[in-house]
Amino acid sequence: MIVLRAFRTELDLTNRQKTACLRHSGAARYAYNFGLARKLEALQAGEKVPTAFDLHRQLVGLKKTELAWMYEVSKCAPQEALRDLDCAFAHFFRRVNEKRAGRKIKVGFPRFKSKKNGSASFRLYGSIYVFAKAIQLPRLGRLRLKESDYLPVSGVRILNATVSQKGGRWFVSLQAETELPSHQISDKPTAGLDLGISRMVQVSDGTYFENPRSLKSTLTKLKRLQRVVSRRQKGSANRKKAVQLLMKAHAHVTNIRKDALHKATTSLARTKSAIVMEDLNVSGMMKNHRLAQAIADVGMYEFRRQLTYKSAWYGCQVFLANRFFPSTKRCSQCGQVKDNIGLGEREYHCEYCGILVDRDLNAAINLEQLLDKTTASSAESYACGERVRPDFPGNAQRSRNQTSICLA
Ligand SMILES: [Zn+2]
61 MIVLRAFRTE LDLTNRQKTA CLRHSGAARY AYNFGLARKL EALQAGEKVP TAFDLHRQLV
121 GLKKTELAWM YEVSKCAPQE ALRDLDCAFA HFFRRVNEKR AGRKIKVGFP RFKSKKNGSA
181 SFRLYGSIYV FAKAIQLPRL GRLRLKESDY LPVSGVRILN ATVSQKGGRW FVSLQAETEL
241 PSHQISDKPT AGLDLGISRM VQVSDGTYFE NPRSLKSTLT KLKRLQRVVS RRQKGSANRK
301 KAVQLLMKAH AHVTNIRKDA LHKATTSLAR TKSAIVMEDL NVSGMMKNHR LAQAIADVGM
361 YEFRRQLTYK SAWYGCQVFL ANRFFPSTKR CSQCGQVKDN IGLGEREYHC EYCGILVDRD
421 LNAAINLEQL LDKTTASSAE SYACGERVRP DFPGNAQRSR NQTSICLA
């Protein structure tokens, strides 16, 4: 099986290389904004909207006169930016159609890219070579890597490389095609997963993955830095400095979280044959404003994303339980469903069979039990290719019988 994989690692750039990278991202941003302006003009005049190909030709024409500075950067950077713009428009029109068809979504028109938000990125293709301690890119030459032997030196076909800057650090991300061995039907165990805020992942076999300890203290720091920014006068140099510190702290939190997520998802995808987890309540998530909760939500998305693609590598199947499956309210031993279980109750106590079990573990076991039902018996509960959206508002009793599980 051939899969597309991304490899991302930090660059160790000299000042001259940083300048060259900023110039490339500047050219990419210029091309994107140039293209967006031309497309808008055409839309307003009711003319045919120019494609990335048309726009690139216009840019090349301008290079001879007013855009001579563009000769200093690889032609890939503006070209790829224009392709991204085409994608952004395609995405926009697709969302418009979905909204017309009745889906309740917000549709945003592609926006101009600003230099002010501090991030920079551009994509290159063509002759890209990886060495143990460096990567060679068109026009930029050899760039040193902070971590050696992480990027694949052989056995992959590199499609493109994206260079980006975040929180003052530079990264390169490679997209590569790589061959994976095919997987036989395995005798690995199955598992149910309960994702939470206090404990990152509880597995139905009793093991769990804790939230990284450094996360909490970094969150406190983040709050403090946010206050500092809001106290500084708008447009002042001190505010700029404070914003830079805040962005750095944000990137740090993301990294801690991502690292923990990667460790958990890799371990699970490798050791399990099938995994059930809860579907996520998207509209419910948008409502909460608490920092820790918001970050945990982002983590849940990221967890599912990582688990899904890694499972494909290691031959593990991922299932999503119906959102209304009462995984926390149901007793994993006798199947009785409670009306309510308070947020503070850390243990599940069943009045019918007398079992006393950790709340998250109980939920994880319930989720795993869904798998037995789906794989063993009823074909109809397995039959849904699309996500099930039951229209009854959270009726636990009814949804208990509806063990609709979806293939992720
Ligand atoms: Zn019970």
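Position one of the sequence shown corresponds to residue 61 (the working numbering), numbered consecutively onward.
All residues carry an ideal CB built from backbone N, CA and C; glycine is no exception.
Report the rounded CA-to-CA distance for W230 versus K175, giving the unit in angstroms. The count along the sequence shown starts at 1 and reaches residue 230 at position 170. The count along the sequence shown starts at 1 and reaches residue 175 at position 115. In this model, W230 and K175 are separated by some 16 angstroms (Cα to Cα).
Neighbour flag for Y374 against chain D, beta carbons, 9 angstroms: Here chain D cannot be found, since the structure has a single protein chain.
At what residues does the alpha helix (DSSP H) containing K281 begin and finish? To locate residue 281, count along the sequence shown from 1; it is residue 221. In the DSSP assignment, K281 falls within the unbroken alpha helix (DSSP H) covering S274 to R291.
Taking 9 angstroms as the threshold (C-beta atoms), are L184 and H84 in contact? For the purposes of this step, residue 84 is taken as the residue at position 24 of the sequence shown. For the purposes of this step, residue 184 is taken as the residue at position 124 of the sequence shown. Contact: yes.
Could you check how far apart the C-beta atoms of A221 and V232 are, in whole angstroms? I think they sit under 8 angstroms. Indexing the sequence shown from 1 puts residue 221 at position 161. Indexing the sequence shown from 1 puts residue 232 at position 172. Their Cβ separation, rounded to whole angstroms, is 6 angstroms, which keeps A221 and V232 in contact under 8 angstroms.
Closer than 8 angstroms: is that where the CB of Q393 sits relative to any heavy atom of ligand 1? One-based indexing of the sequence shown puts residue 393 at position 333. For ligand 1, at least one heavy atom lies less than 8 angstroms from the Cβ of Q393.
Suppose the cutoff is 7 angstroms on Cβ atoms and the five residues either side in sequence are ignored; what does the same chain contact list for A443 look like? Indexing the sequence shown from 1 puts residue 443 at position 383. Reliability of the predicted coordinates at A443 is poor, the pLDDT of 28 falling under 50, and the value obtained from them is presented with this limitation in mind. Sequence-distant partners of A443 (beyond 5 residues in either direction) whose C-beta falls short of 7 angstroms from its own C-beta are missing from its chain.
Buried or exposed: where does S181 fall if 16 or more other Cβ atoms within 10 Å of its Cβ makes it buried? Numbered from its first residue, the sequence shown carries residue 181 at position 121. Buried is the call here.
Nearest by alpha-carbon distance to L119: which of R163, D209, R98 and R65 is it? Here residue 119 is taken as the residue at index 59 of the sequence shown, counted from 1. The closest CA to that of L119, considering only R163, D209, R98 and R65, is found on R98.
Any idea if P138 is buried or exposed, counting beta-carbon neighbours within 10 angstroms, 16 or more meaning buried? Along the sequence shown, read from residue 1 onward, the residue named residue 138 stands at position 78. Buried, since its Cβ has 16 or more Cβ neighbours within 10 Å.
By DSSP's criteria, M337 is part of a beta bridge. Which residues make up the other side? Counting from one through the sequence shown, the residue named residue 337 turns up at place 277. Partner(s): L253 and L380.
Would you check whether ligand 1 has a heavy atom nearer than 8 angstroms to the C-beta of Q235? Within the sequence shown, numbered from 1, the residue matching residue 235 stands at position 175. Checking the Cβ of Q235 against ligand 1 gives no.
Could you please give the first and the last residue of the uninterrupted alpha helix (DSSP H) stretch that includes L219? Looking up residue 219 in the sequence shown gives position 159. Taken as a continuous stretch (DSSP letters only), L219 belongs to no alpha helix (DSSP H), being part of the beta strand (DSSP E) at V216 to K226.
Contact check, L200 vs C81 under 8 angstroms by CB: the rounded distance? Start at 1 with the first residue of the sequence shown, and residue 200 comes out as number 140. Start at 1 with the first residue of the sequence shown, and residue 81 comes out as number 21. In this structure, L200 and C81 form a Cβ contact; the two beta carbons are roughly 7 angstroms apart against a cut-off of 8 angstroms.
From what residue to what residue does the beta strand (DSSP E) around I195 run? Translated into positions along the sequence shown, residue 195 becomes position 135. For I195, the enclosing beta strand (DSSP E) has its first and last residue at A194 to L197.
Does the distance from the CB of E411 to the CB of Q396 come in under 9 angstroms? Position 351 of the sequence shown, counting from 1, holds the residue named residue 411. Position 336 of the sequence shown, counting from 1, holds the residue named residue 396. Yes. Within cutoff.
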